[in-house]
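This report concerns only the one structure given below.
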Amino acid sequence: MTTRKKKRFIAGATCPECHKQDTMMLFLENNVEKVECVDCGYQMVQPQEQVTKASRKSEQLIGVFKPE
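In terms of the working numbering, the sequence shown opens at residue 1 and continues consecutively.
Below you can see the structure in the form of structure tokens.
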């Protein structure tokens, strides 16, 4: 089962496939950020290697803020 949450459009972004502007949306699917063109369906996914490099290994969690 795939889960999709909060689709957000990326203002000013141009699709690399169909070259239309303001058609790219960003969303999470199975905890992976994806970008998709709503016009032609082109998708981009950040490769797992780049996700691993971007993670912060030396950080420690102090607390979690939960607004009420």
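Glycine included, each C-beta is placed from N, C-alpha and C at the ideal position.
Predicted model, so just to flag it, every value in this text is computed and none were measured.
Query, Result
"Gln43: first and last residue of the uninterrupted beta strand (DSSP E) it sits in", "Gln43 to Val45"
"Own chain partners of Tyr42 with C-beta closer than 6 Å, once the 5 adjacent residues on each side are dropped", "Cys15 and Glu17"
"CB contact flag (Glu33, Gln46, <8 Å)", "yes"
"DSSP-derived helix/strand/coil call for Thr14", "strand"
"Range covered by the beta strand (DSSP E) that runs through Cys40", "First-last for Cys40: undefined, no H or E at that position."
"Three-state secondary structure (DSSP) of Lys6", "strand"
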